Amino acid sequence: MKINNDFIYKFTFQYGIILIIEIIIKIIMFSIRKPTILETFKNKYNVILKEAWLDSCISQFTTNQNTSAPELLDTFVFSRFLDSRLSNSTNPSLDLSTKHFHILEIIDIQDVGISKFKLYTAIKLKNDARNQTTQINLLNNSIYAQKILNQASEIKRSGLQDGNLPGQGVHPGQGPQGHGQDQGNDDDFFEFGDENDKE
2 MKINNDFIYK FTFQYGIILI IEIIIKIIMF SIRKPTILET FKNKYNVILK EAWLDSCISQ
62 FTTNQNTSAP ELLDTFVFSR FLDSRLSNST NPSLDLSTKH FHILEIIDIQ DVGISKFKLY
122 TAIKLKNDAR NQTTQINLLN NSIYAQKILN QASEIKRSGL QDGNLPGQGV HPGQGPQGHG
182 QDQGNDDDFF EFGDENDKE
């Protein structure tokens, strides 16, 4: 049986035209349609979601919110995604599907949106403030110690050297010089002094 070549060419040409038209229609439909959540997350956040996890989110959203509005659904899925990231960045990991409260131990500071430089700056400011407070306390203690030593020197210079004077016989390494009564806070006279001041 002889086949007409003109018929073959005509049929092939028509079939090719139909395929091209179908491809063009698909491209147009794809360009005007709203992207799926999977595509949105991949394009926006470079994240590929598991379909089973996404289906669970959609089911929970439509059940609780009684709606399937795309913009609300996107927001809900994104919030659940952030919750999952936080859950995976804690030790131990969290089950955020429950209503319980949790004590979090953040493993990576980047997971809570604070850069390590900002964290370092905050710690440095806190340490600087603590060091400044310590220096002020040391200065105040030094002034107080000098005041006590000056008072002790005044007592010695007053010439009152009898056995009832406060501070007598309580130097370090020595016991009371025959006095049975408690000397009170006499040790305070030499608490901040050096060995030369105590002689």
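Using the numbering used here, you'd call the opening residue of the sequence shown number 2 and step up by one each time. Idealized CB from N, CA, C, for every residue including glycine. All values reported here derive from a predicted model rather than from experimental measurement.
The residue among ASN67, ILE38, ILE18 with its C-alpha nearest the C-alpha of TRP54 is ILE38. By the criterion of a C-beta distance shorter than 6 Å, LYS27 is surrounded by no residue of its chain, once the five residues flanking it on both sides are discounted.
In the structure shown, ILE22 falls within a helical segment according to DSSP collapsed to helix, strand and coil. In the three-state reduction of the DSSP assignment, LEU50 falls in the coil class, being assigned neither a helical nor a strand state. Taking the C-beta atoms as reference points, GLN66 is found nearer than 9 Å to PHE77.
Counting of Cβ neighbours within 10 angstroms places PHE42 among the buried residues, the total reaching 16 or more.
DSSP places LYS35 in the coil class of the three-state scheme, outside both helix and strand. The closest CA to that of SER60, considering only ASN47, LEU50, LEU74, is found on LEU74. Straight across, the Cα-Cα distance linking TYR16 with ILE29 is about 20 Å. In the displayed model, ASN67 falls within coil according to three-state DSSP, outside both helix and strand. Around the beta carbon of LEU50, a 10 Å sphere encloses 16 or more other beta carbons of the protein chains shown; the residue is thus reported as buried. With respect to the 9 Å criterion, PRO36 and ASN44 are classified as neighbours on the basis of their beta carbons.
CA-to-CA, the gap between SER32 and ASP129 works out to about 58 Å. Taken atom to atom, the span from the alpha-carbon of GLU52 to that of SER80 is near 16 Å.
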